[in-house]
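Per the UniProt record's numbering, the sequence shown runs over residues 1 to 259.
Built from N, CA and C at the ideal position, the CB exists for glycine as well.
Computed from a prediction, not measured in an experiment: that's the story for all the values here.
In what follows, a single structure is set out as structure tokens and then discussed.
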Amino acid sequence: MRIRYGPRTPEELEAARKAKAQIPGIWSVGLIAVWETDPDAVAQVLPPPLEPADRPLVRATISRVDLPGGHELGAGSIAVRARHGSEEGDYPLVMPMSTERALIGGREVYGEPKKLADLRLDRHGDAVIGTVTRHGITFAEIRGTVTGDLPVPEPRGKLDFYFKFLPAPDGDGFDADPALVHCLREERTRALHRVEGEVVLRESEYDPVADLPVRRLVEITLGERATTQSGRIVRRVPADWLRPYVHQRYDDPMQALDA
């Protein structure tokens, strides 16, 4: 009898590699809100060597992804605009996901700050609402009314910044210097709509996005998108630079042996 925890054969490993290379484009429906917040708030959440961009922007995304086989994935991100050297992109503070598979892949490969959450995106006629809930708290909500169509943009690249690290097993810092990852997302859009609405941020000690208040709402859009991504390590970061920010990744800092 073959033990399922035993090694896979070379043929099985090659089949898995080929299947990964042929993943079809998966389309999602996403509600995106962009707003200006307090410049000091953005500056405080950015670990070195990241710096604030010219505008203190926050981007919140709540998406519903229809996966092959009739499965559904809820995916989200709340990120601030940042700069690394001459390159500008988003630094996500939290990326809520509704499935363990989506969470593990992003965290282990790219260093994405993913956490399990309950995400909802519903549209009834022109009314649309997206919510993110963890520990019984709906800490982020985007709601509004679809008021018209927008021009479909050309395919574009979007840069995200992540820090990839693991706590050391002996409880002293990290097992190696953290890596700063540049993740390039290639995004295609097939439908885009304007939304008139609001962003509601609620207090949560686990996900304190309410510390990034909406000072001026820039836009809310509802769109259908397909995205592929690739990442690379651009440099190693001294442990002392990142240690004060480890709590961004964990609900309880003790999980990172940080106390």
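DSSP, reduced to helix, strand and coil, places residue 251 outside both helices and strands of the structure shown, so it counts as coil. With a cutoff of 8 Å on beta-carbon distance, residue 79 and residue 91 are scored as near each other.
Spatial neighbours of residue 127 in its own chain (CB-CB distance under 7 Å, excluding positions within 5 residues in sequence) are listed in chain order as 145. Contact between residue 193 and residue 149 is confirmed by a C-beta separation of about 6 Å, below the 8 Å threshold.
One alpha carbon belongs to residue 54, the other to residue 6, and they sit about 53 Å apart. Rounded to whole angstroms, the separation of the alpha carbons of residue 198 and residue 35 is 10 Å. Judged by pairs of C-beta atoms under 8 Å, the segment 232-243 does not touch the segment 122-136, as fewer than three such pairs exist. The three-state reading of DSSP puts residue 206 in coil, since its state is none of H, G, I, E or B. Residue 50 and residue 9 have their alpha carbons spaced roughly 43 Å apart. Sequence-distant partners of residue 141 (beyond 5 residues in either direction) whose C-beta falls short of 6 Å from its own C-beta, in its chain, are 131 and 200. A contact between stretches requires three or more CB pairs, one per stretch, nearer than 8 Å, and the segment 53-72 fails this requirement with the segment 163-181.
Short of 7 Å from the beta carbon of residue 188, and not among the five residues preceding or following it, lie these beta carbons of its own chain, in chain order: 155, 225 and 226. Contact check for residue 45 against residue 139 fails: the beta carbons are separated by 8 Å or more.
Assigned with DSSP and collapsed to three states, residue 177 falls in coil, not helix or strand. Residue state for residue 130 is assigned as strand, using DSSP reduced to three classes.
Within the DSSP bridge table, the entry for residue 122 names 129 as partners. One Cα belongs to residue 71, the other to residue 250, and the distance between them is close to 28 Å. Comparing C-alpha distances from residue 163 to each of 11, 114, 101 and 216 shows the shortest one belongs to 114.
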